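Report on the following structure.
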Amino acid sequence: MESARLSGENANKSMPSIVTALLESGRPKQWIKNTFIFAGAVFAERLLVVGILPRLLAGFFLFSLAASAVYLFNDLMDVEQDRLHPQKSKRPLPSGRLNGRTVFSSAVIVLALAVPLSFHLMPRFGLWVLTYVIMNVLYSVKLKRVVIVDVMTIAAGFVIRVMAGCSLVSVTPSDWLVVCTITISLFLGSCKRRQELVLVSNTARASRDVVKHYDMGFLDQMIGVATSATLISYILYTLSQETVAKFGTRNLVLTSPFVLYGIFRYLYIIYQDNGRGDPTDTLLSDRPLLINTFLWGIAVLVIIYGR
Numbered sequence: 098m099e100s101a102r103l104s105g106e107n108a109n110k111s112m113p114s115i116v117t118a119l120l121e122s123g124r125p126k127q128w129i130k131n132t133f134i135f136a137g138a139v140f141a142e143r144l145l146v147v148g149i150l151p152r153l154l155a156g157f158f159l160f161s162l163a164a165s166a167v168y169l170f171n172d173l174m175d176v177e178q179d180r181l182h183p184q185k186s187k188r189p190l191p192s193g194r195l196n197g198r199t200v201f202s203s204a205v206i207v208l209a210l211a212v213p214l215s216f217h218l219m220p221r222f223g224l225w226v227l228t229y230v231i232m233n234v235l236y237s238v239k240l241k242r243v244v245i246v247d248v249m250t251i252a253a254g255f256v257i258r259v260m261a262g263c264s265l266v267s268v269t270p271s272d273w274l275v276v277c278t279i280t281i282s283l284f285l286g287s288c289k290r291r292q293e294l295v296l297v298s299n300t301a302r303a304s305r306d307v308v309k310h311y312d313m314g315f316l317d318q319m320i321g322v323a324t325s326a327t328l329i330s331y332i333l334y335t336l337s338q339e340t341v342a343k344f345g346t347r348n349l350v351l352t353s354p355f356v357l358y359g360i361f362r363y364l365y366i367i368y369q370d371n372g373r374g375d376p377t378d379t380l381l382s383d384r385p386l387l388i389n390t391f392l393w394g395i396a397v398l399v400i401i402y403g404r
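Under our numbering, the letters of the sequence shown match residues 98 to 404, in that order.
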């Protein structure tokens, strides 16, 4: 009896730790990437339309749930490789704080909630969420091991976020918005791959097949191309006749210095300051980058909505 009582107490004590570990595995910090859902509404001048913001917030939450389920599945697929990684080995599954059955069951339950609710919110939004899930399952199973395609798949995920957000406000994204999304996400993806070469040990590097196909010189070239493309596409977008006519002002170009500083600051962190390489961790941990991003957002809102 005493043994059974102690066993029950231990089980009760372990439940909060399991929930905490599942939340950690869902990577709520990465939800910041899903703010791309708001881009279409902001640049289509729909953000302040009655009823739009609650719908976008609901979409943001549901997309984030689906993304967390994807992270859980990805951890299942990579558990052996992650155990060899200096940072990823600390995650709940490879560290042994969670078992595979719990992670798989949780991923299925979260998807069973997020996908149907996304279709209920708006059918087109549900299709984009489902597309994102399918693409990332393919990424976890195969595409992440295909050189260059792995980075392009990451970029496609950001485009899907933008398209999903546009579907919630019934607008068609401009070509410039799509191009800028692709270039900035290619930039971030290339930087992340470069940092993996810096951070991982020889053993961890051998465990992740696709990294063996990259070297510093090649990734530096990719980063250079993506950096130039991002800056040029954003500046051209702010100066395009379509943009000027739409907003009735040329002042959007005044936000370009924030974009320039943000990219240069990120490159400084990557090359000079031993940055972690993960875009979310870098953004959330670097105060100058956070302040710059906040000021850029305020400047965009004032220029677009302050007329």
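Note that the Cβ used here is the ideal one computed from N, Cα and C, for glycine as well.
Because the structure is a prediction, the values reported are computed rather than measured.
Using only the alpha-carbon positions, how far apart do residue i and residue j sit?
i    : j    : result
H217 : V230 : 17 Å
F133 : M174 : 27 Å
I395 : D370 : 28 Å
I329 : D247 : 24 Å
P191 : K241 : 19 Å
K185 : C277 : 30 Å
N233 : T346 : 39 Å
N299 : E177 : Because N299 carries a pLDDT of 49, less than 50, the predicted location of this residue cannot be relied on, and the following value inherits that uncertainty. Cα to Cα, N299 sits roughly 15 Å from E177.
E339 : P270 : 13 Å
V322 : G314 : 13 Å
I129 : L154 : 13 Å
A136 : P220 : 20 Å
T117 : Y363 : 31 Å
R291 : L283 : 12 Å
R384 : R143 : 30 Å
V382 : D179 : The amino acid at residue 382 is misidentified as Val; the sequence shows Ser. Rounded to whole angstroms, S382 to D179 spans 23 Å at the Cα level.
T228 : G403 : 36 Å
G148 : F391 : 24 Å
L285 : V238 : 22 Å
Y365 : G223 : 39 Å
L351 : K343 : 16 Å
Under 7 Å between the Cβ atoms of residue i and residue j?
i    : j    : result
I281 : T327 : yes
L159 : L214 : yes
A138 : V256 : no
I400 : L357 : no
A204 : F170 : yes
I251 : C288 : no
S353 : I367 : no
P189 : E121 : yes
W225 : A166 : no
T379 : Q127 : no
A141 : V341 : no
F355 : N389 : yes
Y168 : G123 : yes
Roughly how far, in whole angstroms, is the beta-carbon of residue i from the beta-carbon of residue j, given that I think they are within contact range, below 8 Å?
i    : j    : result
Y334 : W393 : The Cβ separation is near 14 Å, so there is no contact.
Y311 : V244 : 7 Å
D172 : V200 : 6 Å
L195 : I115 : 7 Å
G359 : L316 : With a Cβ gap of about 20 Å, G359 and L316 do not count as contacting.
L235 : L162 : 20 Å between Cβ atoms; not a contact.
V295 : V275 : So it is not a contact: roughly 31 Å between Cβ atoms.
Reducing DSSP to helix, strand and coil, say where residue i ends up.
i    : result
K81  : With the chain represented from 98 up to 404, any question about residue 81 goes unanswered, as that position is not in the structure.
Q292 : helix
R194 : coil
D272 : helix
G394 : helix
V256 : helix
K241 : helix
P385 : helix
G359 : helix
G403 : coil
E121 : helix
F135 : helix
H310 : helix
Q184 : coil
D375 : coil
D370 : coil
S267 : coil
R221 : helix
V116 : helix
Could you spell out the range, first to last residue, of the alpha helix (DSSP H) harbouring residue i?
i    : result
H217 : G197 to L218
N171 : I149 to D179
Q338 : Q338 to F344
A141 : Looking at the DSSP string, A141 is not in any alpha helix (DSSP H), and its letter there is neither H nor E.
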